[in-house]
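Novice: Line by line, the protein sequences are chains A and B.
Quick note: to get our numbering, add 55 to the position in the first sequence (first position is 1).
Quick note: to get our numbering, add 9 to the position in the second sequence (first position is 1).
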Amino acid sequence: MPKMLSFFASRRGIILAGVFIGIFAPLLQKMGNPANMGICVACFERDIAGALGLHRAAVVQYMRPEIIGFVLGSLVAAYLFGEFRARAGSATVVRFFLGVLAMIGALVFLGCPWRALLRLAGGDGNAIFGLLGLIVGIWIGTLFLKSGYNLGRSQATYSSVGWLLPLTMWGFLLLMLVFPQIPGQEKSGVLFYSQKGPGSMHAPLFFSLGVGLAIGFLAQKTRFCTMGAFRDLILFRQGHLFWGVVALLVTAFIINLLLGQFNPGFIKQPVAHNMSLWNFAGMALAGLAFALAGGCPGRQLFLAGEGDGDAAVFVIGMIVGAGLSHNFGLASSPDGVGPYGIPAVIIGFLVCLFIGFTMREKTN
Amino acid sequence: MSRLVDARGLSCPQPVMLTLKEIKSLPGGEVIVLVDTDTSKENVCRAAQSQGWQVKAIDPEGKGYRITLHK
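#1: According to the neighbour-count rule (16 or more other Cβ atoms, all chains shown, within 10 Å of its Cβ), is K276/A buried or exposed?
#2: Please work out which residues of its chain come closer than 6 angstroms, Cβ to Cβ, to M231/A, disregarding the five sequence neighbours upstream and downstream, and give them in chain order.
#3: Could you check the C-alpha separation between A2/A and W169/A for me, to the nearest Å?
#4: Are the stretch 357–373 of chain A and the stretch 82–90 of chain A touching by the rule of at least three beta carbon pairs closer than 8 angstroms?
#5: My understanding is that D365/A touches S249/A, with C-beta atoms under 8 angstroms, so please give their C-beta distance in whole angstroms.
#6: Who are the Cβ neighbours of D179/A in its own chain at under 7 angstroms, not counting the five residues just before and after it?
#7: Rounded C-beta distance between M373/A and A157/A? I'm assuming under 8 angstroms.
#8: Fully enclosed by the stretch 173–215 of chain A, which alpha helix (DSSP H) runs are 4 residues long or longer?
#9: Scan the stretch 252–315 of chain A and note each continuous alpha helix (DSSP H) run of 4 residues or more that stays entirely inside, going in chain order.
#10: Take V44/B and list the residues in its own chain whose beta-carbon comes closer than 7 angstroms to its own, dropping the five residues that flank it on each side.
#11: Go to R12/B, then tell me how far its beta strand (DSSP E) extends in each direction, as first and last residue.
#12: Do you know how far the Cα of I159/A is from the Cα of F26/A?
#13: When the cut-off is 8 angstroms and only beta carbons count, does L135/A lie next to chain B?
#14: N205/A versus chain B: which residues are under 8 angstroms apart at the beta carbon?
#15: Use the C-beta contact count for G105/A: other C-beta atoms within 10 angstroms, 16 or more gives buried, fewer gives exposed.
#16: Would DSSP call R119/A helix, strand or coil?
#17: Are the CB atoms of G271/A and F125/A within a distance shorter than 8 angstroms?
#18: Under 8 angstroms: do the stretch 332–352 of chain A and the stretch 187–198 of chain A share three or more Cβ pairs, one atom per stretch?
#19: In whole angstroms, what separates the C-alpha of I401/A from that of F409/A?
#20: Can you look up R415/A in the DSSP assignment and give me helix, strand or coil?
#21: Within its chain, find whatever has a CB closer than 6 angstroms to the CB of V74/A; leave out the 5 residues flanking it on each side and keep chain order.
#22: Taking only beta-carbon positions, decide if D45/B is within less than 8 angstroms of chain A.
#23: Find the nearest neighbour of L229/A within the set F261/A, F285/A and I371/A, judged by alpha-carbon distance.
#24: When every heavy atom of the ligand ZN is checked, does at least one fall within less than 7 angstroms of the C-beta of V131/A?
#25: Whose C-beta lies closer than 7 angstroms to the C-beta of D102/A among residues of the same chain, with five residues either side of it excluded?
#26: In terms of residues, what are the limits of the beta strand (DSSP E) holding Q63/B?
#27: Who are the near neighbours of D68/B in its chain, counting only those whose CB is closer than 6 angstroms to its CB and skipping five residues on each side?
#28: State the start and end residues of the unbroken beta strand (DSSP E) segment that holds L43/B.
#29: Would you call P352/A buried or exposed, if buried means 16 or more other Cβ atoms sit within 10 Å of its Cβ?
#30: Where S12/B and M26/B are concerned, what is the direct C-alpha to C-alpha distance, given to the nearest angstrom?
#31: Are the C-beta of M59/A and some C-beta of chain B separated by less than 8 angstroms?
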């Protein structure tokens with residue numbers, strides 16, 4: 056009875072989501088966001104951590120409205136279609152640590168899966184190693200899933216549990232309006248603003264917010280997920296979500312060509328380094344953490360918007376992970392991996408393997 | 010006699026994995042799947058249809074859905 060699946064759940068729906076992101080991410084770059092970083096959930100949550108002073112890396116501090124829009128757009132869609140369901144309690148603390156580890160891995164590569172696609176669509180060949188790592192990480196995750204790994208059931212709970220992260224995002228937006236950026240000043244009220252570097256580059260607030268809201272709405276309805284795209288392909292030979300990823304990549308490539316933003320190569324690519332092994336390994340760690348947590352960073356934001364308190368904790372884990380990454384020299388820079396990035400990736404893998412091996416339900 | 014898969018409270022990809030495990034062990038018949046999110050409802054229907062099973066009915070149950078699959 057395919058008619059029961061709405062347009063948004065159809066292949067055309069998921070392709071629409073990919074095309075929309077593929078158009079507006081490069082446009083956000085044109086409007087001021089950093090190169091090959093029209094949207095990057097990991098980088099933007101890292102910038103939010105910076106704006107709040109959870110780390111003091113001066114070049115990556117900005118309260119990114121796109122992230123706020125993702126959560127609130129998803130909240131609107133969920134309420135409009137009667138899909139808001141407050142739920143929590145599925146190995147919450149594990150999800151927090153997976154969020155931390157996912158961010159550590161993503162910041163060794165310098166991007167989330169969305170940015171890996173956008174970097175490739177902008178001509179950055181280093182993204183190939185990141186995407187390969189992502190796929191390998193997710194593949195390892197599917198091995199755990201096949202052997203019984205799961206984080207257990209969540210419980211329906213009070214609506215307020217599902218509202219906490221969306222309310223936090225409202226608070227972030229309010230802070231931006233009360234303490235707007237003052238040219239030439241690093242701090243406005245309680246918020247930090249970068250004066251140079253990627254954190255200083257951003258599209259106008261309401262353009263970023265509008266695009267974020269629209270993507271949040273579309274992605275909640277279509278269940279767009281870059282990790283799920285590869286996982287479902289590996290696990291079930293099912294390509295539904297994968298169509299969204301392909302649509303994003305192809306569209307962003309075309310738009311970059313049209314806007315003159317396609318610069319192929321490996322050297323001196325924007326906000327990227329060319330240490331291939333660590334581009335690969337960083338993203339493999341992130342991919343494994345996403346697979347164990349059941350969603351890419353974007354998807355976790357959309358889930359948090361529709362009431363999933365466990366996804367909200369993963370998001371908070373990522374923001375805290377960004378703080379740790381920059382405070383302890385784990386994050387990479389265009390010069391290469393940070394002083395402690397390599398041991399952090401190795402320890403991150405060990406922790407993920409510990410979680411994967413020990414949280415397997417013995418069935419039958 | 011229909012089989013029951015209780016996937017309530019489980020997140021992706023568990024509902025699909027449990028459903029596929031059940032329907033792949035059966036030559037045909039009826040399988041009831043309980044889910045509590047719209048995402049799981051869509052994913053379970055899509056997976057079952059890909060295996061040649063029909064979605065006979067989707068009924069609200071509690072805060073979720075009761076999906077009846079048939080082959």
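Think of the CB as a built atom: it goes at the ideal place given N, C-alpha and C, for glycine as much as any other residue.
Specialist: On the basis of the coordinates in this document:
#1: buried
#2: M118
#3: Past the boundaries of the shown model lies residue 2/A; chain A is included only from 56 to 419, so the question cannot be answered.
#4: no
#5: With a Cβ gap of about 32 angstroms, D365/A and S249/A do not count as contacting.
#6: Around D179/A, the same chain offers N91, Q324 and A327 as residues with beta carbons nearer than 7 angstroms, after the five sequence neighbours per side are excluded.
#7: 6 angstroms
#8: Fully enclosed alpha helix (DSSP H) runs of 4 or longer: 181–201.
#9: 260–277, 281–291 and 295–314
#10: A16, R17, P24, K50, V53, G73, Y74 and I76
#11: R12 to D15
#12: Lying outside 56 to 419, the shown extent of chain A, residue 26/A is not represented and no answer is given.
#13: no
#14: L19 and Q23, listed in chain order.
#15: buried
#16: coil
#17: yes
#18: They touch, by the three-pair rule.
#19: Taking the straight line from one Cα to the other gives about 12 angstroms.
#20: It is a strand residue.
#21: A302 and T306
#22: Interface residue (Cβ-Cβ distance to chain A less than 8 angstroms): D45/B is classified as such.
#23: Of F261/A, F285/A and I371/A, the residue nearest in Cα terms is F261/A.
#24: Among the components of this structure there are no ligands whatsoever, and the ligand ZN is therefore not found.
#25: V115, Q116, Y117, R119 and G254
#26: Q63 to E70
#27: So the qualifying residues of the chain are R75.
#28: Start and end: E39 to V44.
#29: buried
#30: One detail in the question is off: residue 12/B reads as Arg in this sequence, not Ser. Each residue's alpha carbon lies about 15 angstroms from the other.
#31: The pLDDT assigned to M59/A is 47, lower than 50, so where the model puts this residue is not dependable; a value taken from the coordinates is nonetheless given after this. Interface residue, yes.
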